[in-house]
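Below is one structure, written out as structure tokens, with a few remarks after it.
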Amino acid sequence: MSVSQQKASPLYNKELSPESASGTWKTVNLFNWWMSAWHSLGGYTVAIGLFALGLMGWQVILAFSIGIVILYFVNNLSGVAGQRVKVPFPVFARASFGVYGANIPALLRAVVAIAWYGIQTYLASAVVMLLAIKIVPGAAGLEEVSFLGLSALGWICFLGLSLIQLLVLLGGMEAVRRLSDFAGPTIWVAMLALAIWVLSRADWSIDFTYSMAQLGSAGAQTISFASAIFIIVAYFAGPSLNFADFTRNAPSEASVRKGNALGLLINAIAFGIISVVIALASVKVYGEAIHDPIALLADIDSITLLLIAIIAVGLATAGINIILNFVSPVYDLINVWPKVFTFRSAGVLVAVLAVVITPWNLFANPVIVNQFVGGVGALMGPLFGVIMTDYYLVKKCRIQTDELFNAEPSGLYYYKKGYNPKAVGALAVAGLFTIVMSVIPAFASWAPLAWPVGVLVGAGLYYFISRKDIVKSGPDYSRSSESISAEAVQTLD
């Protein structure tokens with residue numbers, strides 16, 4: 022497929038092409054990316070939420086750490102694959118689901134990302150509201166007027182924060198990288214300051230054997246511990262799936278692995294430990310583990326300290342929101358309509374959709390979050406299993422990049438009418454398992470295990486029905502066929 026044919030294809034968009042990969046996301050940038058990804062209100066809440074399973078403080082730290090180790094290997098798989106092929110996730114998925122079938126995982130990921138983007142923006146705006154009322158007490162009067170379930174002050178803070186995040190995204194992936202480089206280290210300062218403040222109030226003494234409930238049998242303890250591990254993994258199920266959106270810009274596989282090692286094995290585990298320490302200190306100070314760090318911030322008397330803390334938390338939340346929940350649906354929408362959207366226009370649409378869904382109403386309705394967002398999110402495991410199995414075990418890491426943009430029936434990844442029935446079928450079967458586990462109350466105790474079940478069932482089924490398609494030998498098609506042909510000519514010469 023020639024370059025001119027590729028660019029004329031209805032599947033082509035410059036933002037999606039390997040040529041747009043910048044090569045500027047080095048080890049330190051991916052390290053900062055992980056700092057921005059973990060250091061947030063959501064990351065803290067998820068870590069402290071493990072106490073609800075009846076685990077003791079040291080068990081929470083251990084389960085959190087094991088979950089991070091699993092995420093390290095998971096993101097090495099998806100991250101290295103993205104760096105090799107140099108295309109964003111929805112284009113990478115064309116190899117396994119078909120050039121049009123890739124819209125299935127793309128739109129599923131986009132739905133989850135847009136929902137959580139709106140919710141995270143709303144949660145961050147609540148922090149800004151707290152600051153506004155502390156500095157200008159009269160602003161509290163704006164809370165008496167509401168529209169569509171949100172106060173006037175809430176609307177001002179929510180729309181203001183949405184605009185700031187959009188402006189960052191409109192600067193492109195390099196602006197996202199710079200924000201990540203700044204936000205990641207900044208929040209560590211706030212977390213350490215918060216830990217020191219709470220520990221000082223707790224007389225520098227905490228109890229690592231504290232638990233919210235006593236577990237009964239050894240079986241119940243094992244299930245709770247395993248659930249804790251995979252709650253941490255599931256928290257990053259979506260971002261792990263589309264990690265290629267960022268690692269495609271890395272200069273080498275080594276930079277991806279090193280960035281993951283520093284950002285996950287060192288940084289994320291340290292974040293989990295600090296979060297547990299803060300929670301255990303809050304038990305001594307308040308009589309219970311504080312799950313919402315905003316409640317701790319509200320108890321700070323110093324306006325100066327409060328200002329610094331809230332700016333840091335707000336910046337961190339904006340950072341995680343952009344890198345985890347904003348970039349992904351932008352690429353997903355471009356993939357659906359390559360000739361319609363640009364990076365900027367898709368970003369504007371995502372920002373508008375995040376307002377239209379009124380995320381504060383979503384967040385206030387656990388049924389919607391659990392049944393709809395949770396149900397769609399449960400498909401992240403099967404998607405990961407199918408796509409990674411196809412790349413590593415079926416295609417043996419050989420993808421002909423230019424064929425990812427070939428919309429002709431003769432195209433390598435056109436399959437049947439642009440869809441790969443085997444991938445779609447494996448997703449449907451595995452997805453049925455995970456959705457049942459995630460949304461039906463009778464299986465609530467097994468819901469945290471939906472991700473590993475989805476990965477194993479999706480991967481196993483797809484490998485079984487695709488075993489005749491396994492690549493036996495041949496050239497490394499991680500590059501375009503033209504560059505490979507050029508190398509072949511040089512060899513003959």
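Start counting the sequence shown at 22; every next residue gets the next number (this note's numbering). For every residue, glycine included, the Cβ atom is placed at its ideal position computed from N, Cα and C. Fair warning: this is a prediction, and the values are worked out from it, not measured in the lab.
Is it true that the CB of residue j sits closer than 8 Å to the CB of residue i?
i: V407; j: A447; result: yes
i: V101; j: V361; result: no
i: F257; j: L92; result: yes
i: R269; j: V108; result: yes
i: F251; j: Q80; result: no
i: S117; j: N427; result: no
i: A68; j: G308; result: no
i: I378; j: V197; result: no
i: S356; j: A123; result: In the sequence as displayed, the identity of residue 356 is Asn instead of Ser. In contact: N356 and A123 (Cβ atoms closer than 8 Å).
i: G103; j: F264; result: yes
i: M212; j: H312; result: no
i: N97; j: N281; result: yes
i: Q141; j: N288; result: no
i: L262; j: R105; result: no
i: A458; j: A468; result: One detail in the question is off: residue 458 reads as Met in this sequence, not Ala. Yes, these two residues count as a Cβ contact at 8 Å.
i: A216; j: I290; result: no
Ordered along the chain, which non-local residues of its own chain (more than five positions away) have a Cβ less than 8 Å from that of residue i?
i: V133; result: G259, V394, V397, G398, M401
i: M77; result: F229, T230, Y231, S232
i: L370; result: L354, F362
i: L286; result: I89, V90, Y93
i: Y435; result: G119, V120, N427, A428, E429
For residue i, count the other beta carbons within 10 Å of its own beta carbon; 16 or more makes it buried, fewer makes it exposed. Which is it?
i: A223; result: buried
i: I429; result: According to the sequence provided, residue 429 is Glu. The question's Ile does not apply to it. That one is exposed.
i: T363; result: exposed
i: F94; result: exposed
i: D411; result: buried
i: F485; result: exposed
i: N386; result: exposed
i: T48; result: buried
i: D348; result: Reading the sequence as shown, one finds Val at residue 348 and not Asp. Buried, because 16 or more other Cβ atoms sit within 10 Å of the Cβ of V348.
i: R488; result: exposed
i: W55; result: buried
i: Q235; result: exposed
i: S38; result: buried
Within a Cβ cutoff of 7 Å, which residues of the same chain sit near residue i, ignoring the five residues on either side of it in sequence?
i: Y143; result: F179, P380, W381, F384
i: V219; result: I299, A302, S303, V306, L317
i: K35; result: S41
i: F168; result: W176
i: L32; result: V120, P359, F426, A428
i: Q26; result: none
i: A451; result: P403, G406, G475, V478, G479, L482
i: L191; result: R365, G368
i: A372; result: S183, L187
i: I185; result: A339
i: S501; result: For S501, the predicted structure reports a pLDDT of 42, less than 50, and the residue's modelled location is therefore unreliable. A value from the coordinates is still provided. Closer than 7 Å at the Cβ level, and outside the excluded window around S501, lie T422, D423.
i: A114; result: A123, P126, A127, I408
Does DSSP put residue i in a helix, a strand or coil?
i: S61; result: coil
i: K416; result: coil
i: L220; result: helix
i: S303; result: helix
i: L76; result: coil
i: S146; result: helix
i: I156; result: helix
i: S18; result: Shown here, the chain extends from 22 to 514; a query on residue 18 therefore has no answer.
i: K443; result: helix
i: S11; result: For the chain, the structure presents residues 22 to 514; residue 11 sits outside this window and is missing.
i: K28; result: helix
i: S117; result: helix
i: E36; result: helix
i: S245; result: helix
i: S172; result: strand
i: K489; result: helix
Using C-beta distances below 6 Å, list every residue in its chain close to residue i, excluding the 5 sequence neighbours before and after it, in chain order.
i: A532; result: Nothing can be reported for residue 532: it is not among the residues displayed for the chain, which extend from 22 to 514.
i: A127; result: P111, D353, N356
i: A161; result: I154
i: I208; result: H60, A333, A337
i: C418; result: none
For residue i, which of the options has the nearest alpha-carbon?
i: A145; options: M212, G63, F118, N124; result: G63
i: W46; options: T66, F72, G439, E195; result: E195
i: S30; options: W59, P359, T207; result: P359
i: K28; options: L425, N263, S226, S86; result: L425
i: V474; options: G139, G70, A465, F454; result: F454
i: G516; options: S248, P350, L200; result: What the structure shows of the chain is the stretch from 22 to 514, and residue 516 is not part of that stretch, so it cannot be assessed.
i: L374; options: M458, G139, L328; result: G139
i: F85; options: L328, V297, F464; result: V297
i: S201; options: P158, G284, A147, G240; result: G284
i: S238; options: G75, P350, L83; result: G75
Using a Cβ cut-off of 8 Å (strictly closer), state whether residue i contacts chain D.
i: I87; result: Checking the listed chains, one finds no chain D in this structure; it contains a single protein chain.
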